[in-house]
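**Student:**
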Amino acid sequence: MTGMFTVYLVDDDPGVLKSFSRLLRAKGYDVKPYSSPQAFLEEHDEAIPGCALLDVSMPDLDGLEIQDVLITASGSHRPIVFVTGKGDIPTSVRAMKAGAIDFLTKPVKDQDLFEALSRAEAMDTELRRLRSEQDVMQAKVRSLTPREREVLTHVVAGRLNKQIAGELGTVEKTIKVHRSRMMEKLGIRTVADLVRMAEKLNPSK
Amino acid sequence: MTTTRIVVWSIGLLFLLAGEGRAGERARVLMLHAFNYSFPATSVIAEAARKRLIEHSKSVEIDAEFLDLARNSDEAHSLQVATYIRDKYEKDPPNLVITLGSNALPFVIKYRNMLPGIPVVFASISPQTYAALQPPPEMTGIITAFDLAKTLALAERLQPQARRLFVIAGSGETDRRWQPIARKMIAERGSKFETTFLFELPYSELVTELSKVPNDAIVILLTVFADPEGKTFVPAQVAADLSALSPAPVYGPYDSFVGRGAVGGFVETFESIGVAAAEMAIEILGGADPATLAPRTNPAQHYRVDYRAMQRWNLKEKDLPPNTVVLFKKPTIWDEYRGSVLSALFVLGLQTIILGALLVQRRRRQRVEELLKESDERMTFAAAAANIGLWQFDRDTDELWVTDHGRVLFGLPNDAPLTREAFLAAVHPDDLETASRSLRKSFRTERSIASDVRIVLPSGKTRWIRMRARSYAESNGEPKQLGGIFVDITDQKSAEAETALQRVEIEHLMRVSVLGELSGSIAHEVNQPLTAILSNAQAALHLLKQNSPDLVEIRDALEDIVHEDNRAGEVIHRLRGLLKKGERKMESVNVNDLVRSTVRLLHSELIGRDISLRLDLDHGSSLTRGDSVQLQQVLLNLVMNAMDAMASTPIAQRSILISTREAKTGMVDVLVKDRGHGIPPKENGRLFEPFYTTKAHGLGLGLALCSTIIEAHQGKLTLVNGEDGGAVAGLSLPAQQPAVSAV
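Taken in sequence, the protein lines are chains A and B. So the mapping is simple: this note's numbering equals the position in the first sequence, first residue as 1, plus 383. So the mapping is simple: this note's numbering equals the position in the second sequence, first residue as 1, plus 46.
1. Please list the terminal residues of the continuous alpha helix (DSSP H) segment that includes B:A128.
2. State the Cα-Cα distance for the pair B:D720 and B:R549, rounded to the nearest angstrom.
3. Answer with yes or no whether the minimum CB distance from B:R721 to chain A is below 8 Å.
4. Given 8 Å as the limit, is there contact between the region 481-501 of chain B and the region 414-427 of chain B, that is, 3 or more CB pairs closer than that?
5. Could you give the distance in angstroms between the alpha-carbon of B:D114 and the alpha-carbon of B:Y383?
6. Please name the residues in the region 384-405 of chain A whose beta-carbon is closer than 7 Å to at least one beta-carbon of chain B, in chain order.
7. Confirm, please, whether the CB-CB distance from B:S567 to B:G654 is below 8 Å.
8. In the structure shown, what three-state DSSP assignment does B:E325 receive?
9. Tell me where the beta strand (DSSP E) around B:G529 begins and ends.
10. Which of the three DSSP states, helix, strand or coil, is assigned to B:P780?
11. Rank B:L580, B:I400 and B:V309 by C-alpha distance to the C-alpha of A:K401 and give the top, closest one.
12. Give the range of the beta strand (DSSP E) segment to which B:Q438 is assigned.
13. Could you list which residues in chain A have their beta carbon closer than 9 Å to that of B:G654, in chain order?
14. Shorter than 8 Å from the beta carbon of A:K523 to some beta carbon of chain B?
15. What does A:V414 reach in chain B if we use C-beta pairs closer than 8 Å?
16. If you draw a straight line from the C-alpha of B:G187 to the C-alpha of B:L99, how long is it?
17. In whole angstroms, what is the alpha-carbon distance linking B:E325 and B:H102?
18. May I ask you to list the residues that DSSP assigns as paired with B:N767?
19. Measure from the alpha carbon of B:F532 to the alpha carbon of each residue in B:A691, B:D287, B:F469 and B:A73, then state which is nearest.
20. Using alpha carbons as the reference points, say which of B:Y249, B:V253 and B:A294 lies closest to B:E275.
21. Could you work out which residues of chain B lie near A:D493, taking near to mean beta carbons separated by less than 7 Å?
22. Against chain E, with Cβ distances strictly below 8 Å, would B:P727 count as a contact?
23. Closer than 8 Å by beta-carbon distance: list the chain A residues that pair up with B:Q574, in chain order.
24. Measure the Cβ-Cβ separation of B:L373 and B:D352 and say whether it is below 8 Å.
25. Would you say the region 463-470 of chain A touches the region 478-497 of chain A, given that touching needs at least three Cβ pairs under 8 Å?
26. Within the 8 Å Cβ cut-off, does B:R613 reach chain A?
27. Just to confirm my understanding: we take B:G67, look at its own chain, exclude 5 residues before and 5 after, and list those with CB closer than 7 Å. What are they?
28. With a threshold of 7 Å on Cβ separation, who are the neighbours of A:D495 within its own chain once the five nearest residues in sequence on each side are excluded?
29. Which term fits B:E544, buried or exposed, when burial requires 16 or more other beta carbons within 10 angstroms of its beta carbon?
30. At least one CB of chain A closer than 8 Å to the CB of B:E599: is that the case?
31. According to DSSP, simplified to helix, strand and coil, what is B:G395?
32. Which residue or residues does DSSP assign as beta-bridge partners of B:S658?
33. Got a sec? Which residues, its chain only, sit under 6 Å from B:A430 by beta carbon, not counting five neighbours each side?
34. To the nearest angstrom, how far is the alpha carbon of B:A80 from that of B:Q397?
35. Interface residues of chain A around B:G566 at Cβ under 7 Å?
36. With 16 as the cutoff for other CB atoms within 10 Å, does B:H759 come out buried or exposed?
See the structure below:
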């Protein structure tokens, strides 16, 4: 819907490629058509908001293999919609498990296509928003002094000021100063918010 | 002309005769017979002498006088005869006188002056007579020495059991000379026999005595010129008469007795006496002095017997002394006509053989004729049973001979005339040209020409007939006889048609089965354009909804829809072609196009199986003639096989190369090369066999069918292992020149 959403279109069939391009452009999408997976992988730019519309059966690299290369190997978050001539269940299950937005069967109805694409767009937008929040927070974290960062870690871990002072070899009063300055720099008022932020920044922990 | 020749010849002949006359002095010989001409002995001697003389010289002139001294022994008669002879021959005396009979010599000596100085040759003079007469020197001749002992010896040999001997002699002058000779001889032989001398008996008494003689006795007959009663006899006749009545065998010293009933004896033949006398006469006529020629004894004396007499008295031939001349032996037909009999037998034999041979030949001919007839009948029957008609056509007479079954095959009524036209009229109009062409061709070659034509029967039904024709060359090389067979091949033709139909069915089924295997991929091939069409249509609709629709884009979209629709249509068309059931249709086929079209059909399948496909197509026209559907079926099969072969090949290596080449041999080659497992050695050569398969769910008909199709296109299908692994399927088709409507 917005002029800034790009659809990476990959299909080895020139006719299909052209018609999809035309349809998507008519709908207002920015379309980057590729007849070969290699060309797509070379030109793919993670920074551009958008999704990938991949044909499943193609010579050399099929759609699922592209997905594999893109997500697993490159750590891309690009939402992927598959289109296939023969919608067999094992293939579609595999694709969905790997995080595909949808698995469409040719010929594709425009509503189905647009619905899938809008979901892809929503996801892409959400992911991008999350990623930009993290970026802001990370920048705030980076602005902390090493002592303030140490205090942050201990606060998130749920320790009391006295325990932190003992740990760091200082007095409780000093810790309180660090703590209030750190909270101020991060723009967070409560400990709960702090913990939530930490989780967002470092989901693995 | 002829007259002239005769005259000339006659003159010549006269000269010859005249010459003869001058050359030799004409010799005259006078034969003096002691008796009259009825005496066989002297007659035989005279005749033999005459023959010898004439044989020596034709100019000898022979006279004869009969002194008849046996009948008239008185002086007056003798003088009268002598005078008569003197008077008769005085003027022209003979050159020589031959006397015949012992009584003639004393007469000549007595009347010396009757023929003065004329040499005399006597014959049949006994040594005793000669000694007693003491003839003058100009008289010489043949002395006959009778060896009576030998005659007796002959009798003894033939009758070893005989004890009684009867000796017969008359009372004439000669008879009386014999009497002492006989007595003396018998006395000398000793007293072996009880001898009875029947001398000087009146003839009737002699006959009586003789008839009483025992049949195991020996009778020796000397001479009976006269009996005491004054009767005179011819001894040879006496011999005949006495032999006829004698119970015992009669022997005698004279040759004249032999043949008249006597058994025989040691005799000289009167002929030999005559010849000996003539020899002497010839010497004297030739100039020899008779005084210097001593009287000779006739050397030609031997045993002579009458076989008939021997038979009569039951005497054995084996008892005869050696060198005995057996007279009157009634020769057997074999002896007499040995040559003729042999010839006759030979001819008879030959005739028998010829007759036999002819009979055998006749029998054989009859047999052969029967066999021929049987064979003919059998052949006709067999031909009819096999639904075959036999025929022969004479070009000159335009005559056609056809078996009855041949008529039936052509549906001709029995009374229809047999002509070429009648037969050709039955041929289906469409096949008439074929039939006539085949017949014309047959006359040009000695090879058998066959052609299949349809016959329209009077019922309107059609019958397929195979006409097989062959010409028979004449001696001059110009064929005028044409012969052959008609075979009803209607069943065969319908079977062929059925087979062809079945073949078409199978080919179709195979295509359907292949397409069934490909159905997913093919659906994808149709799905792609459908997808494009739908998307284009929807794009156009979206564009139209906009405030200022981009008409250029909309038109592009519609154009693409048309294009994609065509593309889908092509796939459907290709499919329909392959799914169609039909007869083989020969047309110009571009092999490269065929490959491309096939590959297009397999596009999705190849992708689905992760197989890459490369084309290396010849830049030439690569045209062949054939049925494109069938050829595509073959190609499809070969590529499918290649794909199947690579099921266990690593994905990165899965590839197929299809190349086309126009070979210099006038063939277009298509090679389908894979990187699969290749052909295991044990399967090599069996892959083209029907129902042989290496696939889990294969029918084993694919390659067999492909091979049949390619062979029907005069092409060749090969399957070999590639140099660097995998298999290479080769397809060779006759190239067609692009000049001919390259569509």
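A virtual CB, placed ideally from N, CA and C, is assigned to each residue, including glycine.
**Tutor:** From the atom records:
1. Translated into positions along the second sequence, residue 128 of chain B becomes position 82. Where B:A128 is concerned, the enclosing alpha helix (DSSP H) stretches over E121 to Y135.
2. Numbered from its first residue, the second sequence carries residue 720 of chain B at position 674. Numbered from its first residue, the second sequence carries residue 549 of chain B at position 503. If you take the alpha carbons of B:D720 and B:R549, they lie about 29 Å apart.
3. Translated into positions along the second sequence, residue 721 of chain B becomes position 675. Judged by the 8 Å Cβ criterion, B:R721 is not in contact with chain A.
4. Contact between the region 481-501 of chain B and the region 414-427 of chain B is not established, with fewer than three Cβ pairs separated by less than 8 Å.
5. Walking along the second sequence from the start, residue 114 of chain B turns up at place 68. Walking along the second sequence from the start, residue 383 of chain B turns up at place 337. For B:D114 and B:Y383, the distance between alpha carbons rounds to 43 Å.
6. So the close ones are D396, G398, V399, K401, S402, F403 and R405.
7. By 1-based counting over the second sequence, the position of residue 654 of chain B is 608. By 1-based counting over the second sequence, the position of residue 567 of chain B is 521. With contacts defined as CB atoms closer than 8 Å, B:G654 and B:S567 qualify as a contacting pair.
8. To locate residue 325 of chain B, count along the second sequence from 1; it is residue 279. The DSSP-derived three-state label of B:E325 is helix.
9. Position 483 of the second sequence holds residue 529 of chain B. Counting along the chain, the beta strand (DSSP E) containing B:G529 begins and ends at Q527 to D534.
10. By 1-based counting over the second sequence, the position of residue 780 of chain B is 734. In this structure, B:P780 counts as strand in the three-state DSSP scheme.
11. Residue 401 of chain A sits at position 18 when you count from the first residue of the first sequence. Selected option, being the one with the closest Cα: B:L580.
12. Taking the second sequence and counting its residues from 1, the one referred to as residue 438 of chain B is at position 392. Its beta strand (DSSP E) spans residues I434 to D440.
13. Along the second sequence, read from residue 1 onward, the residue named residue 654 of chain B stands at position 608. At a C-beta separation below 9 Å, B:G654 has these neighbours in chain A: S440 and K469.
14. As a position in the first sequence, residue 523 of chain A is number 140, starting the count at 1. A:K523 does not count as touching chain B.
15. Position 31 of the first sequence holds residue 414 of chain A. Those do not exist, as A:V414 stays about 11 Å from chain B at its closest Cβ, beyond 8 Å.
16. Translated into the one-based positions of the second sequence, residue 187 of chain B becomes position 141. Translated into the one-based positions of the second sequence, residue 99 of chain B becomes position 53. A direct Cα-Cα distance of roughly 15 Å separates B:G187 from B:L99.
17. Taking the first residue of the second sequence as position 1, residue 325 of chain B is located at position 279. Taking the first residue of the second sequence as position 1, residue 102 of chain B is located at position 56. Looking at the backbone, the Cα of B:E325 and that of B:H102 are separated by about 9 Å.
18. By 1-based counting over the second sequence, the position of residue 767 of chain B is 721. The partner list for B:N767 (beta bridge, DSSP) reads B:A773.
19. Counting from 1 along the second sequence, the entry for residue 532 of chain B is found at position 486. Comparing Cα-Cα distances from B:F532 to each of B:A691, B:D287, B:F469 and B:A73, the minimum goes to B:F469.
20. Taking the second sequence and counting its residues from 1, one reaches residue 275 of chain B at position 229. When only C-alpha atoms are compared, the closest one is B:Y249.
21. Mapped onto the first sequence, residue 493 of chain A falls at position 110. Correct list: Q584.
22. Reference to chain E is not applicable here, since the protein chains of this structure are A and B.
23. Position 528 of the second sequence holds residue 574 of chain B. Within chain A, the C-beta atoms nearer than 8 Å to that of B:Q574 come from D396, G398, V399, G468 and K489, in chain order.
24. The count along the second sequence starts at 1 and reaches residue 373 of chain B at position 327. The count along the second sequence starts at 1 and reaches residue 352 of chain B at position 306. Closer than 8 Å, so yes.
25. Because the criterion of three Cβ pairs below 8 Å is met, the region 463-470 of chain A and the region 478-497 of chain A touch.
26. Here residue 613 of chain B refers to the residue found at position 567 of the second sequence. Between B:R613 and chain A, the shortest Cβ-Cβ separation is below 8 Å.
27. Residue numbering aside, residue 67 of chain B sits at position 21 when the second sequence is read from its first letter. Unreliable positioning characterises B:G67 in this predicted model, as indicated by a pLDDT of 40, which lies under 50. The coordinate reading is nonetheless provided below. Result list for B:G67: empty, nothing under 7 Å.
28. Taking the first residue of the first sequence as 1, we reach residue 495 of chain A at position 112. For A:D495, same chain residues with a beta-carbon under 7 Å away, outside a window of 5 residues either side, are L487 in chain order.
29. In the second sequence, residue 544 of chain B corresponds to position 498, counting from 1. B:E544 counts as exposed, since fewer than 16 other C-beta atoms from the protein chains shown sit within 10 angstroms of its C-beta.
30. Here residue 599 of chain B refers to the residue found at position 553 when the second sequence is read from its first residue. By this cut-off, B:E599 is an interface position.
31. On the second sequence, position 349 is the one that residue 395 of chain B refers to. When DSSP states are grouped into helix, strand and coil, B:G395 belongs to the helix group.
32. For the purposes of this step, residue 658 of chain B is identified with residue 612 of the second sequence, where counting begins at 1. Beta-bridge pairing links B:S658 to B:S701.
33. Here residue 430 of chain B corresponds to residue number 384 of the second sequence, with the count starting at 1. Same-chain partners within the cutoff: H451.
34. Locating residue 80 of chain B in the second sequence gives position 34, where the first residue counts as 1. Locating residue 397 of chain B in the second sequence gives position 351, where the first residue counts as 1. Cα-Cα distance, rounded: 60 Å.
35. Taking the first residue of the second sequence as 1, we reach residue 566 of chain B at position 520. Here the neighbours are K469.
36. As a first step, residue 759 of chain B is located in the second sequence; it is residue number 713 there, counting from the start. Buried.
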